[in-house]
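In short: position in the sequence shown from 1, add 908, done, that's this note's numbering.
We treat Cβ as the ideally placed atom computed from N, Cα and C, and that holds for glycine.
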Amino acid sequence: HASSNALQQSPNNNNQINNNNNNNNQINNNNNNNNQINNNNNNNNQINNNNNNNNQINNNNNNNNQINNNNNNNQMNYNNTSTIFPYFDFNVPRNITTAVGQSAFLHCRVDQLGDKAVSWIRKRDLHILTAGVLTYTSDQRFQVIRPDRSENWTLLIKFPQERDSGIYECQVNTEPKMSLAFRLHVIEPKARILGASDMHVKVDSSITLICEISQGPHSLGTVLWYKGVHPITSSPPRVTVDAEWSENLSSRLRISHLIAEDTGNYTCVPTTRVQQSDSVYIHVVVNGEHPAAMQHGNRCTAVSKISLLTIVSSLCVYYYLNTMFHIR
């Protein structure tokens, strides 16, 4: 019986062992499951970390792209601004001299004007003369000339007087305002024939008349000579007319082998100012005549009305052609 009990207990013990083994297996399985869960969690964490890293990278990339876009936009804005910003062309005459009555042209060239406007200002009284192509003064002698889509904004002053001398500004309405100054000199050339007012010369001799223009540069024009109302031109070798420039403009009229028909009134006329002409009377003395009996009184300082009218008419064409040349 004792043996039988022992045998019965052995199966029980074996069952106990099996149960223990099963429990161990269960524990192992649980551990494995836990490990699996941990591994999964780790993997998930790893994935999350990777995702976070990727998101961080994407965010950084987006930020960089945003910065690049901002930089590009700033560059574009800068480029656009610098492209349309106006500037003056300084290669134009800014010290202009003209004669009284001779049209003055002040040339202002503005490149890349864009939507800005050009104005002309008289500096001494800050008077707006023109804005764009419109005239803002009651003085109709002032006008702006701008050929179609041109960069040139030319201020034309017709029939200028000495009082028009001074500073004129070409302005562009930028912020701050741009301006370029021009100085205008309006002078009144005066002709003067050197020597006596009345001259008596012998027939077949020679005479030289010298006329000086005391004011203004040579570029303002030249001198015309008249005998009575008839213009004198060079017809060498007997009659020659020439001009030279030193401090003043000087014109010389030389007549050789004088004849009685050369007697008359000789007038020197600046092409820019008829009223400032000067005259002298020449009498050719024929053999046997007495010079004292042929005095003609005081020196002539102006031509007759008929002569002046003829001279004015002949110079109208000159003024017209001169004005048209400057406008072009």
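In its chain, beyond the 5 residues on either side, Val1008, Val1094, Ile1095, Glu1096 have a beta carbon closer than 8 Å to the beta carbon of glutamate 1070. Inclusion of isoleucine 1118 and serine 1158 in the CB contact set at 8 Å is warranted, their separation being smaller than that value. Setting aside the 5 residues that flank it on each side, threonine 1171 is surrounded in the same chain by Ile1190, His1191, Val1192, each with a C-beta closer than 8 Å to its C-beta; the list follows chain order.
In this structure the segment 1033 to 1043 does not touch the segment 1013 to 1022; the number of beta carbon pairs closer than 8 Å is below three. When the alpha-carbon of threonine 1130 is set against those of Leu1063, Leu1166, Lys1098, Arg1146, the nearest one is in Lys1098. Here leucine 1014 is actually not in contact with phenylalanine 1067; their C-beta atoms are around 15 Å apart, not less than 8 Å. Per the coordinates, the alpha-carbon of tyrosine 1076 lies some 23 Å from the alpha-carbon of arginine 1057. Put simply, the backbone Cα of isoleucine 1167 is about 26 Å away from that of glutamate 1120. CA-to-CA, the gap between valine 1177 and serine 1113 works out to about 25 Å. When DSSP states are grouped into helix, strand and coil, alanine 1039 belongs to the strand group. Bridge pairing for serine 1027: Ala1039, Gln1079 [DSSP].
With a threshold of 16 other beta carbon atoms within 10 Å, aspartate 1072 meets it and is buried. For the options Ile1029, Ser1142, Val1149, Ala1151, the alpha carbon positioned closest to that of threonine 1062 is the one of Ile1029.
In this model, glutamine 1079 and asparagine 1173 are separated by some 52 Å (Cα to Cα).
As the crow flies, the alpha-carbon of threonine 1179 is around 19 Å from that of leucine 1102. Straight through space, the alpha carbons of isoleucine 1053 and valine 1041 are spaced by roughly 7 Å. CA-CA distance, tyrosine 995 to serine 1154, rounds to 38 Å.
Here valine 1194 is exposed, its C-beta having fewer than 16 other C-beta atoms within 10 Å. Here leucine 1132 is bridged, per DSSP, to Val1177. Isoleucine 1140 sits in coil when the DSSP states are folded into three classes, being neither helix nor strand.
Closest in alpha carbon position to serine 1143, among Ser1164, Gly1136, Ala1151, is Ser1164. With contacts defined by Cβ atoms closer than 8 Å, leucine 1092 and serine 1011 do not form a contacting pair. Shortest Cα-Cα distance from glycine 1136 to any of Leu1037, Thr1148, Ser1187, Asn1081 involves Ser1187. Bounds of the beta strand (DSSP E) holding leucine 1161 are 1157 to 1163.
In this structure, DSSP gives isoleucine 992 a helical state, which the three-state scheme calls helix. Cα atoms of aspartate 1106 and alanine 1151: separation of roughly 23 Å, rounded to the nearest angstrom. Arginine 1100 sits in a strand when the DSSP states are folded into three classes. A buried status is given to serine 1185, since no fewer than 16 other beta-carbon atoms sit within 10 Å of its beta-carbon. Taking 8 Å as the cut-off, the beta carbon of threonine 1038 is found closer than this to the beta carbon of serine 1027. Taking C-beta separations shorter than 7 Å and ignoring five residues to either side along the sequence, the partners of threonine 1148 in its chain run Ser1142, Arg1162, following chain order. Put simply, the backbone Cα of glutamate 1083 is about 30 Å away from that of arginine 1049. In this structure, the straight-line span from the alpha carbon of lysine 1024 to that of valine 1000 is close to 21 Å. DSSP lists no beta-bridge partner residue for alanine 1168.
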